[in-house]
Every structure is written in C-alpha cells, then in structure tokens.
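**Student:** The structure under discussion is supplied below as structure tokens; questions concerning it will follow.
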C-alpha cells in the first residue's frame, strides 16, 4: 500500500492505544519506518523516546520472552567479563619475560646498573609494556619497523597510550633501528624523569660527578 493511502487515524490508534511500535506499523502497511514517523509527526503525535519504547516493548512481552532476554543479556555481560579477565591473565603471563634481542638486553642491564628497577613486559591491565618502571610510572616502548606499519598494531598502541595517560604514566617510545644512537638519550630521559619525581641523582648515575 502506498504511503498516501495510509489511514492516519488507524495508525495513531495502533500507536497510542495498542502501543504498536513504528517498526510494527511499517511492516503492517508495507512502508519504511520513516514514512510512519512522518505520518505521526504530521498528526502531531508525540513519539516515544528510546527508553520509553523499551519499557513499552518490555510490558508487551510474555514471561518467557522476558526471561529469554534477561538470560541473553547476562550471558553477553559475563562473556565480556571473562574475555577481559583472560586478557589480563595473558598479560601477566608475559610479564618478566624480556625479549631476547641483544640490544634490548643491554638496555635492561644498563637500567639495572643505575638502580632503575625496570620490569620487562610489565603487565598493566590487559597491556604489556616493553620496560615499565612502576615506582617512577615510566613506560618505555621499543618499536620494530614491521610493528609500526601494521594497522592492527597501531590501534592497539593507541589504546595502550590512552590507558597509560589515564593512569598517569609517562610514555617514552623509541624505534628499534634508532636505539644504538639513542641509547644514552633513553637512559638520560628515564633518569631525568626519576630525578624530577624524587630529587637528586644516585651515586652510580652516569651523569653524576665522578669522585676525584
């Protein structure tokens, strides 16, 4: 049936008195929902908001339908919770397992020598940080070339960066190929941030004056 032949009085009656939804009316008359919406607006009928429509739909459900919907909602919520818990557990399983690249191993040893207690693959929620310094809240990420050009990795990095920012962490990101020339810079950055937070320099800090 064409839209201009619709019985507006019947539409209003079904919508207001019988509590039909706009979708149900559209199906009954073989038109789109937009057509029904325009007819209701033209008749100056106050349309139901999303929350009100949800209440109406709930009221019209049978007990069996309600139970089925509640069960589905619980299962969906439980599924998300379990997935998050598994991701956290997986991240914790990778903690303290540094990558085996010699260059990264040298950085870990250098951090240790100056008294920085870094944790390789530190687990924070569902994320792992290449080197995390919990006391200083400093996160060091070392990116390989292939890592930077992978679309999925970029999205994961963005989520990780947002999480770190929300938790008050400072993120230092370096490219793997630049590390040989940036080694001292990275170490000094971490130490400078530590000094800002705690004050002073340690005796084994490479920037501290050597005893004569």
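In UniProt numbering, the protein residues as written are 1 to 212.
Just so you know, even glycine gets a beta-carbon here, dropped at the ideal spot from N, CA and C.
Source: prediction; values computed, not measured.
1. Return the Cβ separation of residue 39 and residue 6 in integer angstroms, given the expectation that the two are a contact with Cβ distance under 8 Å.
2. Within a Cβ cutoff of 6 Å, which residues of the same chain sit near residue 139, ignoring the five residues on either side of it in sequence?
3. By DSSP, does residue 141 sit in helix, in strand, or in coil?
4. Give me the residue from 153, 136, 110 and 137 with the minimum Cα distance to residue 143.
5. Comparing C-alpha positions only, which one of 41, 22, 26 and 174 sits nearest to residue 107?
6. Counting only the same chain and skipping the five closest in sequence on each side, list residues whose C-beta sits under 8 Å from that of residue 196.
7. What residue range does the beta strand (DSSP E) around residue 96 cover?
8. Note down the Cα distance separating residue 160 from residue 113, rounded to an integer number of angstroms.
9. Starting from residue 6, trace the beta strand (DSSP E) both ways and give me its first and last residue.
10. Just grab the DSSP bridge partners of residue 127 for me.
11. How is residue 19 classed by DSSP in three states: helix, strand or coil?
12. Given this structure, state the Cα-to-Cα distance separating residue 25 from residue 157, to the nearest angstrom.
13. Quick test of your reading: residue 36 and residue 22, contact by CB under 8 Å. State the CB separation rounded to the nearest angstrom.
14. Per DSSP, residue 170 is paired with what?
15. When the Cα atoms are used, what is the spatial distance from residue 121 to residue 91?
16. In the DSSP output, which residue or residues are listed as bridge partners for residue 133?
**Tutor:** Walking through what the data contain:
1. Reading the chain shown from its first residue, position 39 is the one you call residue 39. Reading the chain shown from its first residue, position 6 is the one you call residue 6. The Cβ separation is near 6 Å, so the contact holds.
2. Your numbering for residue 139 matches position 139 in the chain shown. The answer, listed in chain order, is 129, 132, 164, 169 and 171.
3. For the purposes of this step, residue 141 is taken as the residue at position 141 of the chain shown. Correct three-state label for residue 141: strand.
4. Counting from 1 along the chain shown, the entry for residue 143 is found at position 143. Nearest C-alpha to residue 143: 153.
5. One-based indexing of the chain shown puts residue 107 at position 107. Taking only the C-alpha atoms, the option nearest residue 107 is 174.
6. As a first step, residue 196 must be located in the chain shown, where it is residue number 196. Nothing listed; no residue qualifies.
7. Numbered from its first residue, the chain shown carries residue 96 at position 96. Element bounds for residue 96: n/a, residue is neither H nor E.
8. Stepping through the chain shown from its first residue, residue 160 is reached at position 160. Stepping through the chain shown from its first residue, residue 113 is reached at position 113. About 28 Å.
9. Looking up residue 6 in the chain shown gives position 6. Residue 6 -> no beta strand (DSSP E), and no H or E assigned at all.
10. Counted from its first residue, the chain shown places residue 127 at position 127. Paired residue(s): 124.
11. One-based indexing of the chain shown puts residue 19 at position 19. Residue 19 falls in the coil class under three-state DSSP.
12. The residue labelled residue 25 in the question sits at position 25 within the chain shown. The residue labelled residue 157 in the question sits at position 157 within the chain shown. If you take the alpha carbons of residue 25 and residue 157, they lie about 47 Å apart.
13. The residue you call residue 36 lines up with position 36 of the chain shown. The residue you call residue 22 lines up with position 22 of the chain shown. With 8 Å as the limit, residue 36 and residue 22 qualify as a contact, their Cβ atoms being about 5 Å apart.
14. Numbered from 1 along the chain shown, position 170 holds the residue referred to as residue 170. According to DSSP, which records beta bridges pairwise, residue 170 is partnered with 138.
15. To locate residue 121, count along the chain shown from 1; it is residue 121. To locate residue 91, count along the chain shown from 1; it is residue 91. For residue 121 and residue 91, the distance between alpha carbons rounds to 8 Å.
16. Taking the chain shown and counting its residues from 1, one reaches residue 133 at position 133. Answer by DSSP bridge pairing, in chain order: 138.
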